[in-house]
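Notes follow the structure.
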Amino acid sequence: MNESFDGVFNILKNYLDNLYAFFSGRYTPNVRPDDSYYNDLKAYTLLSHAAIEDFFEDIAKRVLVESIKQWINENKLNDTILSSIKFIQSKQLNEVLISLLRFKIENKKKEKGNFYVQFKSLLDEIENGYKKKLDDNNGIRPEKLEKLFEAVGLDISDDPRLRTSLVLLADARGDFAHKKKPDNSILKYANFEDMKNRVDDVLEICRKVIDQINT
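Sequential numbering of the sequence shown, starting at 152, is according to this note's numbering.
This is the structure we're talking about:
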């Protein structure tokens with residue numbers, strides 16, 4: 152399982168590196184920005200943001216799906232499933248079920264009683280509800296990611312520098328997506344090197360998420 156998560160991260164990193172090389176490679180250092188430069192920087196920013204957002208959502212979904220598979224196939228009940236029960240409001244989620252969830256279920260495959268049926272139905276409800284939440288997500292601001300990850304037992308880095316870059320990349324995406332020309336709010340991102348530094352910081356957050364999964 153760990154190798155597949157590492158692979159998703161490596162695909163993202165290679166994609167972001169190629170984006171930067173493609174768009175920034177058209178310009179010499181210290182070039183005077185013009186409309187063409189602005190449009191290429193805009194494209195690099197929007198595409199980077201979209202790829203990172205997809206990564207976070209994909210990883211969160213994979214973690215939940217893999218955890219459910221582990222319970223079904225290997226009788227493993229982990230923190231992801233226990234965290235995810237907080238995500239839904241279910242009529243099935245009564246005190247008895249909560250108590251049972253605190254323990255690994257021995258000989259699960261031999262169990263034919265109501266608990267197995269109830270729990271499997273609950274997991275289906277959790278998975279479907281969480282996928283809908285991911286579909287409704289919009290953005291990579293820390294508060295948005297924290298809500299997504301809390302449901303699957305993950306968190307994002309609390310490093311102030313990395314979190315600041317996450318916010319700045321989200322702000323840049325908003326400015327570029329909704330404004331035709333740069334203004335004072337966007338001038339702080341008006342060169343490829345600065346924007347790549349933001350993207351690299353956010354990529355470090357992505358790496359830390361993978362490290363959490365691998366431990």
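Quick reminder that beta carbons are idealized off the backbone N, C-alpha and C, glycines included.
These numbers were taken from a predicted model, which means no experiment stands behind them.
Straight-line gap, His329 to Gln221 (C-alpha atoms, nearest Å): Counting from one through the sequence shown, the residue named residue 329 turns up at place 178. Counting from one through the sequence shown, the residue named residue 221 turns up at place 70. Taking the straight line joining both Cα atoms gives about 43 Å.
Short Cβ contact (9 Å threshold) for Leu317 with Asp362: In the sequence shown, counting from the first residue as 1, residue 317 sits at position 166. In the sequence shown, counting from the first residue as 1, residue 362 sits at position 211. No.
Contacts around Leu170, its chain only, beta-carbon distance under 7 Å, and the 5 residues preceding and following it disregarded: Here residue 170 corresponds to residue number 19 of the sequence shown, with the count starting at 1. Counting only Cβ-Cβ distances below 7 Å, and skipping sequence neighbours, we find Tyr195, Leu198, Ser199.
9 Å Cβ cutoff met for Tyr281 and Lys212: What you label residue 281 is simply residue 130 of the sequence shown in a count that begins at 1. What you label residue 212 is simply residue 61 of the sequence shown in a count that begins at 1. Result yes, Cβ atoms of Tyr281 and Lys212 sit closer than 9 Å.
Buried or exposed by the 16-neighbour rule on C-beta atoms within 10 Å, applied to Val173: As a first step, residue 173 is located in the sequence shown; it is residue number 22 there, counting from the start. Sequence check: residue 173 is Phe here, not Val. By the neighbour-count rule (16 or more Cβ atoms within 10 Å), Phe173 is not buried but exposed.
Residue from Ser218, Val350, Val303 whose Cα sits closest to the Cα of Arg312: Mapped onto the sequence shown, residue 312 falls at position 161. For the residues Ser218, Val350, Val303, the minimum Cα distance to Arg312 belongs to Val350.
Alpha-carbon spacing of Val247 relative to Leu273, whole angstroms: Translated into positions along the sequence shown, residue 247 becomes position 96. Translated into positions along the sequence shown, residue 273 becomes position 122. For Val247, the predicted structure reports a pLDDT of 46, less than 50, and the residue's modelled location is therefore unreliable. A value from the coordinates is still provided. Roughly 14 Å separates the two Cα atoms.
CA-to-CA distance, Ala321 to Arg292, given in whole angstroms: By 1-based counting over the sequence shown, the position of residue 292 is 141. By 1-based counting over the sequence shown, the position of residue 321 is 170. Taking the CA atoms as reference points, Arg292 sits about 6 Å from Ala321.
Thr179, enclosing alpha helix (DSSP H) - first and last residue: Here the question's residue 179 lines up with position 28 in the sequence shown. Counting along the chain, Thr179 sits inside no alpha helix (DSSP H), nor does DSSP assign it H or E at all.
Spatially closest choice to Leu163 from Ile203, Tyr178, Ser155, by CA coordinates: Taking the first residue of the sequence shown as 1, we reach residue 163 at position 12. Taking only the C-alpha atoms, the option nearest Leu163 is Ile203.
Proximity below 9 Å, CB of Leu354 to CB of Val214: Here residue 354 is taken as the residue at index 203 of the sequence shown, counted from 1. Here residue 214 is taken as the residue at index 63 of the sequence shown, counted from 1. The answer is no: Cβ separation not under 9 Å.
Beta carbon of Asn289 nearer than 9 Å to that of Leu299: Residue 289 sits at position 138 when you count from the first residue of the sequence shown. Residue 299 sits at position 148 when you count from the first residue of the sequence shown. In this structure, Leu299 does not lie closer than 9 Å to Asn289 by Cβ.
CB contact flag (Asp230, Asn365, <9 Å): Residue mapping note: residue 230 aligns to position 79 of the sequence shown, counting from 1. Residue mapping note: residue 365 aligns to position 214 of the sequence shown, counting from 1. No, the Cβ-Cβ distance between Asp230 and Asn365 is not below 9 Å.
Beta-carbon proximity list for Gly325, same chain, < 7 Å, skipping 5 on both sides: Working through the sequence shown from its first residue, we reach residue 325 at position 174. Cβ contact annotation for Gly325 (same chain, cutoff 7 Å, sequence separation greater than five): none.
Cβ separation of Ala302 and Ser234, assumed to be a contact under 8 Å, to the nearest whole Å: Taking the first residue of the sequence shown as 1, we reach residue 302 at position 151. Taking the first residue of the sequence shown as 1, we reach residue 234 at position 83. Their Cβ separation, rounded to whole angstroms, is 6 Å, which keeps Ala302 and Ser234 in contact under 8 Å.
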